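I have placed the structure first, in the form of structure tokens, so that the comments after it can refer back to it.
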Amino acid sequence: MKPQKAAAFALQPASAGDFESLLALRLRAMHDSLAQIGRYDEARARERLAAGFVPEHTQHIVVDGARVGFIVLKQLSHALRLDHFYIDPPAQRRGIGSAVLRWVCDQADAQLLPVELCALKGSAANRFYLHHGFAMTGDGDWDHDYLRMPTSPSLRAVRSLWAAFQRRDWKAARALLFDDLEAVWWSSGEHIAGADAFIALQAGYPEGWTIHLIELAHLQDGRVMSLVRVDHGEATYFATSFFRVDDGCIAAVEEYWATVEAPPAWRTPQAFAGLTAIAPRDDARARQP
298 MKPQKAAAFA LQPASAGDFE SLLALRLRAM HDSLAQIGRY DEARARERLA AGFVPEHTQH
358 IVVDGARVGF IVLKQLSHAL RLDHFYIDPP AQRRGIGSAV LRWVCDQADA QLLPVELCAL
418 KGSAANRFYL HHGFAMTGDG DWDHDYLRMP TSPSLRAVRS LWAAFQRRDW KAARALLFDD
478 LEAVWWSSGE HIAGADAFIA LQAGYPEGWT IHLIELAHLQ DGRVMSLVRV DHGEATYFAT
538 SFFRVDDGCI AAVEEYWATV EAPPAWRTPQ AFAGLTAIAP RDDARARQP
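Counting in our numbering, the sequence shown runs from 298 upward without gaps.
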């Protein structure tokens, strides 16, 4: 059976006079989840919605001229906050919620802002948000907190590079790089000229390592910063890398490790074309990431 195509939706501004109808919709949407944990209480639901109800932040979700849900989306200095998001039960399982959430995420990505929200413990909403790329960041008495970090072609390129390294998919990693990529590993005093040389060095590492991407962020100067943890046997290393990305393709990378040490014996300019030794202490950039 083919999945049902989501109906096109429109967002229309709410007004203060819409509160009662929005409350009724919220009660219908939340009834089963709240009743399951013994928390269905219309007075409490009214109080909670009223606490976060600001008409200028509230929009009706409309499909074929009928209201099928609503969102309360607040613009904060550091994030977009999705305070309320409900689809009327008769309109659920039609892809409308997914389409609206993608729209919310697109607004956040355009501003390079994360999306914050919370979901009732034990509700199906938790699976929904995890499916759409949100990460659980905390727990309250009754809710889970979720966060989705922004994405962009530059962030996707760097995230995809680390993922390709972890899979040992060198062809996919190479496709993310400009041919004339330039890389500098300041902590070990190495300069790599060219994408092929860079990939050959990555592929040459002794096996047994795993990469964990811890942080990924845009910088004000346009670069992308990543922090990764590399586990290799009983050893753990941390690397902070700064990428220059143009049109979704990586042009340059500078990398710093937590410790300054000589390259391993197997990694020499004689063994790898495009690799040259440098003296980081003689270059101010080594101390100014």
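Glycine included, each C-beta is placed from N, C-alpha and C at the ideal position. Source: prediction; values computed, not measured.
Through-space distance from residue j to residue i, alpha-carbon basis
i	j	result
D518	L458	21 Å
E413	T448	14 Å
D436	G486	44 Å
F540	A313	47 Å
E552	A405	28 Å
D277	A494	Residue 277 cannot be examined here, being either before or after the span of the chain that is shown, 298 to 586.
L516	V542	12 Å
I393	L427	17 Å
E558	E479	21 Å
Q389	A514	35 Å
H441	A416	5 Å
Residue i burial status per 10 Å Cβ neighbour count (16 or more: buried)
i	result
P310	exposed
R520	buried
A376	buried
D528	exposed
S318	exposed
P411	buried
I489	buried
A472	exposed
Residues bridged to residue i (per DSSP)
i	result
S538	S523, E552
L377	Q372, V412
Q356	P310, I368
D543	C546
Pair within 8 Å by beta-carbon distance, residue i and residue j
i	j	result
F367	L398	no
G545	A454	yes
T556	S484	yes
E365	T355	Here residue 365 turns out to be Val, not Glu, going by the sequence shown. No; because the gap between Cβ atoms is not below 8 Å, this pair is not in contact.
K468	W439	no
Residue range of the unbroken alpha helix (DSSP H) whose run includes residue i
i	result
M446	Unbroken run through M446: none, as it is neither H nor E.
G349	339-349
Limits of the beta strand (DSSP E) - the one that residue i falls within
i	result
H488	487-490
F475	474-482
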